[in-house]
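Worksheet: one structure, shown below.
In the numbering used here, the protein residues as written are 2 to 211.
Quick look at the structure:
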């Protein structure tokens, strides 16, 4: 049998099954003398306020609540719960050190969207198979460029992991979108320039070395 969702909610107004109650004074927080419930209800603006039973020990105790204020508190609690849920989301993005500018821009935009939602994103730079190892200083510079370009929507929440040819960066999104003006422009590190290789017929072709 399905239970009513409000079955465990404290009774309000006429649903309070006590004729005589004590009211928590909204100004002092002290209990008033025992008073008929109907007298308390008669003195309220029922459009904006309600009475709720908050205790039955040692005697029935009620409190007056403002409907608008309670609604705002409920909305704030729901917002915080949603924000916490967003922060629990964790994504991983993998890039090679010489990622093509178009692929890099696409993945960074996806990362930005997740970070603006408040998610965590693990960014992993790895060496492509058969790719020469980059100097440590160059890897650090490229990784820092990425972090700087996302600084308006994220911050690093734990230390980076650096191993041979690999760097992992752990970003926590702020949960707030940013404007185009505040974004730092990313300097794209392009791969090596193509060398010209002579063909048998006297022509040339581009030879890329990654």
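Ideal Cβ placement from N, Cα and C applies to all residues, glycine included.
Annotation: residue 93 to residue 115 spans about 11 Å, alpha carbon to alpha carbon. Of the candidates 41, 145 and 174, 145 places its Cα closest to the Cα of residue 98.
Judged by beta-carbon spacing, residue 124 lies beyond the 8 Å limit of residue 150, meaning their Cβ atoms are not closer than that value.
Between the alpha carbons of residue 29 and residue 76 lies a distance of about 27 Å.
For residue 173, the beta-bridge partners assigned by DSSP are 121 and 156.
Just so you know, the alpha carbons of residue 69 and residue 50 end up roughly 8 Å apart. In this structure residue 106 is not in contact with residue 174, their Cβ atoms being roughly 19 Å apart against a cut-off of 8 Å. Looking at the DSSP output, residue 67 bridges to 50.
Cβ neighbours of residue 55 within its own chain (closer than 6 Å, five residues either side excluded): 62 and 64. In the DSSP secondary-structure assignment, residue 36 is bridged to 22.
When secondary structure is reduced to three states using DSSP, residue 148 falls in the helix class.
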